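Peer 1: Just so we're aligned, residue 732 is where the sequence shown starts under my numbering, counting upward by one.
We put the CB at the ideal spot given by N, CA and C, even for glycine.
Model, not experiment: these values are computed from the prediction.
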Amino acid sequence: PTAFFTKYLVEITETAPRNGGSGDRCGNGYFFTNSSLILSASCPLVASETTSGENKTAVSLKWTAPLCGCLTIRAVVVDSNNIGYRAQPGETVSNNPGRKSALHRVVCLKEKRSNARRGKKRNKSKKKKEWIDVDCCRVGNNQQSSVRQMGRLSHECDMRAKLHSVKKYFKLPSKQKSCRKAFKRCCIKNGKAQRRNQPRTRKQRRRRS
């Protein structure tokens, strides 16, 4: 059966970071008040609803977090028999051991990545793109074509590039465009070279003369 509660109390307190460091004092943030939410004058980080008698399974509270640090959020819910329930640190849901209790949570502000880490990721992505360009260009260079008109050569290379990029990099959809461009560019270059190296016919020699 579904468990209901009629009243609740939520407390927010600053806590040490999960990595064990002390860190700077960042504060606790603050609640947004509404008509049903009561804030304690002596403890502004404790919010409660004690007047409503309606059964509920969840509540929504607005709260502004501090700019750094970690916080512990504790909640107590009271049922229609005026019995309160809370969770201990580390306690999990009884029928789902892998799921943490919703009545006790530790939350931390996610740290921004440093410029060095962002730069390293960009360089790694650039190297990967360069490798894909080289690989696709190599395949495009090996394409044989008897097409002599530039428009038809470009169209043929474009079609082959699309087929290769989809087949080769279907697991990397973000890299297909890069592969297609490299393949087409090198395919056209190779086609032009083949056309220059082909022996000219008597008709072509006559036109030149």
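(1) So the candidates are K793, A818, I919 and C910; which of them puts its Cα closest to the Cα of H886?
(2) Give me the Cβ distance between V807 and Y761, rounded to the nearest whole Å; I'm assuming they're in contact under 8 Å.
(3) Please list, in chain order, all residues of the same chain as R926 whose beta carbon is under 6 Å from its beta carbon, the five residues on each side excluded.
(4) Could you pull out every residue in the same chain whose Cβ sits closer than 6 Å to the Cβ of K915, ignoring the five residues on either side in sequence?
(5) According to DSSP, simplified to helix, strand and coil, what is S896?
(6) When you compare the CB positions of I863 and C801, do they come within less than 8 Å of one another, or not?
(7) If we count the other Cβ atoms within 10 Å of its Cβ and call it buried at 16 or more, is K906 buried or exposed?
(8) Tell me the residue span of the beta strand (DSSP E) that contains I919.
(9) According to the neighbour-count rule (16 or more other Cβ atoms, all chains shown, within 10 Å of its Cβ), is S896 buried or exposed?
(10) Using only alpha-carbon positions, find the residue among Q874, I804 and V837 that is nearest to L776.
(11) Could you tell me whether any Cβ in chain D is nearer than 8 Å to the Cβ of C917?
Peer 2: On the basis of the data shown:
(1) I919
(2) No, V807 and Y761 are not in contact; Cβ-Cβ is about 20 Å, not under 8 Å.
(3) R879
(4) C888, D889 and A892
(5) helix
(6) no
(7) buried
(8) Segment Q907 to N928 is the alpha helix (DSSP H) holding I919; no beta strand (DSSP E) there.
(9) buried
(10) I804
(11) Among the protein chains of the structure shown there is no chain D, as only one such chain exists.
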